[in-house]
Amino acid sequence: MVSLKQMACLAVAMLAMSTLARAEDGFPFGTEMTLEALPQPGSKRIPNIEIGDNGEVVLELWCKGGKGQFSVAGNTVIFVPGQIQDRSCPPARAQADDELVASLSSVETWKRQGDVLTLIGPKPLRFRTTGN
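With mature numbering (1 follows the signal peptide of the UniProt record, and there is no 0) applied, the sequence shown corresponds to residues -23 to -1, 1 to 109, in that order.
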């Protein structure tokens, strides 16, 4: 027979697991993520974003860098780019950076599965949590 104490412990454990699962699948505020992409020719660099607790973003692209802001409501997301620093990039990398910022700006929804964030728009973008 199951005691009241065992039932209470089971209920607390189930609540903790469901809360943890929701936190893992929520928008990754306070996280650094790397784009799932290959480096540009002649470089080892891959774009990453650092998402602050309030949606502020620091971008490090293939060559350029800058800031932006995510606004999230449910599964809807809007990215607004801020000032992007040119950094005297080679033309191909500058174009790839501009295209990535445009793709970020056109995302409409998001989903997260574990350490992967998918930003969904005309061109889906997959970012993976940067592990140490």
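For each residue, glycine too, the CB sits at the ideal point set by N, CA and C.
Contacting residues, own chain, Cβ-Cβ under 7 Å from SER82 (five flanking each side not counted): For this step, residue 82 is matched to residue 105 along the sequence shown. Excluding positions up to five away in sequence, the list reads PHE56, PRO58.
Q. Just how far apart, CA to CA, sit VAL93 and ALA69?
A. Translated into positions along the sequence shown, residue 93 becomes position 116. Translated into positions along the sequence shown, residue 69 becomes position 92. Cα to Cα, VAL93 sits roughly 27 Å from ALA69.
### Proximity below 7 Å, CB of PRO24 to CB of LEU12
Within the sequence shown, residue 24 is the residue found at index 47, counting from 1. Within the sequence shown, residue 12 is the residue found at index 35, counting from 1. Yes, the pair counts as a contact, with Cβ atoms nearer than the cut-off.
Checklist entry - So, are the CB atoms of GLY98 and VAL78 less than 7 Å apart? => result Counting from one through the sequence shown, the residue named residue 98 turns up at place 121. Counting from one through the sequence shown, the residue named residue 78 turns up at place 101. No; because the gap between Cβ atoms is not below 7 Å, this pair is not in contact.
Buried/exposed call for PHE47, threshold 16 Cβ in 10 Å = Locating residue 47 in the sequence shown gives position 70, counting from the first residue. By the neighbour-count rule (16 or more Cβ atoms within 10 Å), PHE47 is buried.
| query | How should GLY7 be labelled, buried or exposed, when 16 other C-beta atoms within 10 angstroms of its C-beta is the threshold for buried? | reply | Here the question's residue 7 lines up with position 30 in the sequence shown. It is exposed - the Cβ of GLY7 has fewer than 16 other Cβ atoms within 10 Å.
Proximal residues to THR107 (C-beta, below 7 Å), its chain only, five neighbours per side dropped:
The residue you call residue 107 lines up with position 130 of the sequence shown. Once the five neighbours on either side are set aside, the close Cβ partners of THR107 are GLU9, MET10, THR11, ASN25.
Nearest-angstrom Cα distance between ASP2 and SER20? To locate residue 2, count along the sequence shown from 1; it is residue 25. To locate residue 20, count along the sequence shown from 1; it is residue 43. Approximately 32 Å between the Cα atoms of the pair.
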